[in-house]
Amino acid sequence: MENIPKKHRMWINMAITWSPNMLPFAAMAWLTGEWRSLALVNAIVCIPGLVFCFLCIHESPRWLIQRGKVVQAQEIMRREFGISKEGLIHENLHDVVRGEYELMLRADSQKRRYSFYHLFCSPKLATTTIVLAFS
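Mapping of the sequence shown onto the numbering used here: position 61 corresponds to residue 65, and the numbering continues sequentially without gaps.
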């Protein structure tokens with residue numbers, strides 16, 4: 005989900021999670037007639053998605069930066085955005101990644117402890133929590 009812009013995460017999560025897929029799954033169950041066939045068809049349907057995940061999806065650069073793997077994050081960003089090692093863009097990328105890493109280090113030193121109550125402390129966060137819980 006980190007590879008998706010924040011403003012689109014909610015609707016994309018709702019579009020690909022459990023709830024919207026119940027209707028096609030029910031249709032597959034009705035067409036197959038028994039649970040063994042349903043399990044086989046379900047596994048076959050998942051194969052293209054798994055192949056895509058293994059071949060095309062990489063770790064999130066933000067997650068790598070948070071784990072201290074700055075060089076690996078830069079390499080993924082270069083590959084994704086087609087940034088060459090020469091020129092101004094490469095130097096800007098290096099500065100941006102270093103800045104994000106330093107920001108993460110500062111945030112680590114100021115960590116707050118959160119509880120279940122904090123999920124419902126604002127209307128927007130409460131709505132997001134409820135929608136994600138039932139999607």
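Where a beta carbon is used, it is the ideal one built from N, C-alpha and C, also for glycine.
Check                                                                                                                                                                  : Outcome
Rounded to a whole number of angstroms, what is the C-alpha to C-alpha distance between P9 and W39?                                                                    : 38 Å
Would you kindly work out how many angstroms separate the C-alpha atoms of S119 and G37, rounded to a whole number?                                                    : 46 Å
Quick one: give me the first and last residue of the alpha helix (DSSP H) that W22 is part of.                                                                         : First-last for W22: undefined, no H or E at that position.
Distance check for C125 and R110, CA to CA, integer angstroms please.                                                                                                  : 25 Å
Are the beta-carbon atoms belonging to I69 and E104 less than 7 Å from one another?                                                                                    : yes
Excluding the 5 residues preceding and the 5 following S2 in the sequence, name in chain order all residues of the same chain whose CB lies nearer than 6 Å to its CB. : Here the chain has residues from 5 to 139 only, and residue 2 is not among them.
Where do the ends of the alpha helix (DSSP H) carrying I168 lie?                                                                                                       : Not covered by the structure: residue 168. The range shown for the chain is 5 to 139.
Given that a residue counts as buried once 16 or more other Cβ atoms are within 10 Å of its Cβ, and exposed if not, what is P127?                                      : exposed
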